[in-house]
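Notes for the one structure printed next.
Residue numbers (my numbering), protein chains in the order written: chain A, 1 to 359; chain B, 1001 to 1387.
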């Protein structure tokens, strides 16, 4: 007798849908509720942001206010102030170019090809230098623009980049000091790290911006912007130090012992054996910390800087656009979202990529 | 001298003295300069100012406050405000986070998508931007004359007005405790081993306990009722302003909503991680001994997931507590804003900063201590630890 093997019928499209979303009455209910919520939100949002929205400046604020949907004309009218703040109007191309330099620098440092100490230092050094020259001017025929006129997205990016640039080496120093065999050094460093971590960032920024001028001699005070960046870098480094230390703890003790047995000096052991492996362990958490500190740059608005959030407040706060606050905040939220979301997606990708190596 | 430096012990001791000493010297120098600068402005250092009256007022306080009150009282008000906002935000964020986190671990693809979209959007927008947004939204609501009305509540640009029962303060607090008991008692009865009934047959006792607690609450409210006024005090328009009811100022609601939504997106990820950490074998074992899906969830999945979540959740709560300092952005008088105002008005910079550090250290340490206790109390013992 011959065996007849019949393959189970391939599920049709309808059956597939049924299995995925309507397997049990509870599932069906859940699907319907989720679908209803999604449809409602998407429809409302589309209707507000696209169908009933006004995009052109021609009608002026009055026509815009009368519309049922979003009034994107406020962005069309005020995007320069949101992105560049009080930077001189004719020079704003420099501010835009500086932003591009920072973005390119960030993208480059996300590529594994640049993950050696020297290359990453080169990329960040060039990027930040380029930004600084472009923004500040005074050389190469560019008119001088002081820090007090910097603002908008460019200032946000500057604070973020310099925070990382100062904070990262500081974090490695703090982590090494905390890991030191000398009890008093490790204890004191631990106290500093834990102390900074227990304070809210706003209070540190406030201390550096407002209180520090009392406590420093005149010649050390510097510009308020750089003091705030220093405070933010200190906060970043306290968190990042713990991440780096965690990464170092993940390096098997045998690695360092083997290096010691080969007669390597302390700096050789740290620089060639421990740190490279530790950074690899710590990379996902590090990216996460970058994401957090990018979002936290927005806090400088409280100590009176004209970064993107403050310039947004100014963009709708004056006169005729007073009603269009939702659109302005949506625009700024979108800018933040693009930066933060792509960084965090990159972090998730890295995590997957590294998990492959460990299997 | 050089040979002394070659000695490892001497060198180590010297290094440590140098490190600690230079740090201490730096801090000392800063304090000295600050004291001299402040003294030039006629500000004497010391904590005497704590007993002087402030001369300024706060816009939100759970405790009675006037401009004549001393500074130490204002600091207390600040701490109470911070704890109140933090507590409210923490509870709301936990509720939001649990719902979204459960949606993210659900078997339903659409629910997962919804949860994921929520987390992706709100986690990636800075908290302070969300605070500004909600604050702008609330302060752009119609004036009291044209207020939105829903369920006896009034939505106006001056805040949210909710009806409150006309009962004495103590009776109100007791009634709240009774309502909390109505929720907590059934949960406890469902888990304790002190009852002789098996776990599945306790529904009756649980319902009875909840009903008793709710009835107690109702009796307390009825007894504590103020004479000659209606049971519920509804807000209503009188002249140009609103009278009656309880006013929740826009500053507070904006912060609480923003913290709930932003914190909720983080807690959702923690909840999801906790459920993911529960071993598949545990659940399969529970199913194979014949437990119903609901009891697999309540007796196996949830308790195990809770244990995985708790340490991370504790960190998140500390973070949320610190996030209340955003209050200064919209003018909510939390602890930090009181400190900042103190520095502005009295000039007692060093002391105020010291109080700020001490206050946050105390808040963080006590939160951490509470969570360590809970963590220890529910930790799995002995060989139960195997995954």
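The C-beta atom is built at its ideal place from N, Cα and C for all residues, glycine as well.
Kindly indicate which three-state DSSP category residue i falls into: helix, strand or coil?
i	result
residue 1125/B	coil
residue 304/A	coil
residue 1140/B	coil
residue 1243/B	strand
residue 1167/B	strand
residue 1215/B	helix
residue 110/A	coil
residue 88/A	coil
residue 1159/B	strand
residue 199/A	coil
Smallest Cα separation from residue i: which of the options?
i	options	result
residue 181/A	1009/B, 1354/B, 1169/B, 1224/B	1009/B
residue 1315/B	1017/B, 1367/B, 1185/B, 1268/B	1367/B
residue 112/A	317/A, 214/A, 283/A, 90/A	283/A
residue 203/A	1047/B, 1339/B, 1179/B, 1145/B	1339/B
residue 77/A	349/A, 117/A, 328/A	328/A
residue 126/A	244/A, 108/A, 140/A	108/A
residue 1107/B	30/A, 99/A, 6/A	30/A
residue 302/A	1217/B, 1354/B, 1284/B, 1337/B	1337/B
residue 343/A	92/A, 298/A, 103/A, 118/A	103/A
residue 1130/B	1280/B, 1356/B, 1254/B, 1286/B	1254/B
residue 240/A	196/A, 71/A, 34/A, 17/A	196/A
residue 306/A	155/A, 281/A, 137/A	155/A
Can you tell me the Cα-Cα spacing of residue i and residue j, whole angstroms?
i	j	result
residue 1014/B	residue 233/A	29 Å
residue 1203/B	residue 1104/B	29 Å
residue 1311/B	residue 1125/B	25 Å
residue 287/A	residue 1224/B	56 Å
residue 84/A	residue 150/A	7 Å
residue 50/A	residue 1222/B	53 Å
residue 1007/B	residue 1260/B	58 Å
residue 222/A	residue 147/A	12 Å
residue 1018/B	residue 162/A	29 Å
residue 274/A	residue 1132/B	44 Å
residue 1191/B	residue 1298/B	10 Å
residue 47/A	residue 318/A	27 Å
residue 1272/B	residue 237/A	29 Å
residue 1210/B	residue 1178/B	9 Å
residue 1123/B	residue 1113/B	15 Å
residue 1048/B	residue 1028/B	22 Å
residue 1164/B	residue 1352/B	37 Å
residue 1276/B	residue 1308/B	9 Å
residue 39/A	residue 322/A	31 Å
residue 1220/B	residue 1172/B	8 Å
residue 1270/B	residue 1313/B	7 Å
residue 1170/B	residue 1281/B	51 Å
residue 14/A	residue 34/A	19 Å
residue 271/A	residue 167/A	18 Å
Establish whether the CB of residue i and some CB of chain B are separated by less than 9 Å.
i	result
residue 38/A	yes
residue 203/A	yes
residue 56/A	no
residue 226/A	no
residue 35/A	yes
residue 182/A	yes
residue 333/A	yes
residue 74/A	no
residue 265/A	no
residue 295/A	yes
residue 215/A	yes
residue 245/A	no
Would you say residue i reaches chain A, if we count a Cβ-Cβ gap shorter than 9 Å as a contact?
i	result
residue 1156/B	no
residue 1126/B	yes
residue 1140/B	yes
residue 1123/B	yes
residue 1339/B	yes
residue 1349/B	yes
residue 1325/B	yes
residue 1316/B	no
Would you check whether the ligand PLP has a heavy atom nearer than 8 Å to the C-beta of residue i?
i	result
residue 1194/B	The ligand PLP is not part of this structure, which contains no ligands at all.
When you compare the stretch 1079–1086 of chain B with the stretch 1315–1334 of chain B, are there three or more beta-carbon pairs, one atom per stretch, that lie closer than 8 Å? When Cβ pairs closer than 8 Å are counted between the two stretches, the stretch 1079–1086 of chain B is seen to touch the stretch 1315–1334 of chain B, the count reaching three or more.
Quick one: any contact between the stretch 178–197 of chain A and the stretch 254–262 of chain A, if contact means 3 or more CB pairs under 8 Å? Inter-segment contact for the stretch 178–197 of chain A and the stretch 254–262 of chain A is absent: fewer than three beta-carbon pairs are separated by less than 8 Å.
Taking contact to mean at least 3 C-beta pairs separated by less than 8 Å, is the stretch 1339–1353 of chain B in contact with the stretch 1052–1060 of chain B? With the cut-off at 8 Å, the stretch 1339–1353 of chain B and the stretch 1052–1060 of chain B touch.
Is the stretch 213–232 of chain A touching the stretch 1356–1365 of chain B, taking contact as three or more C-beta pairs under 8 Å? Result no; under three Cβ-Cβ pairs closer than 8 Å.
Three-pair Cβ contact test at 8 Å for the stretch 201–220 of chain A versus the stretch 166–177 of chain A: Output reads no: the stretch 166–177 of chain A does not touch the stretch 201–220 of chain A.
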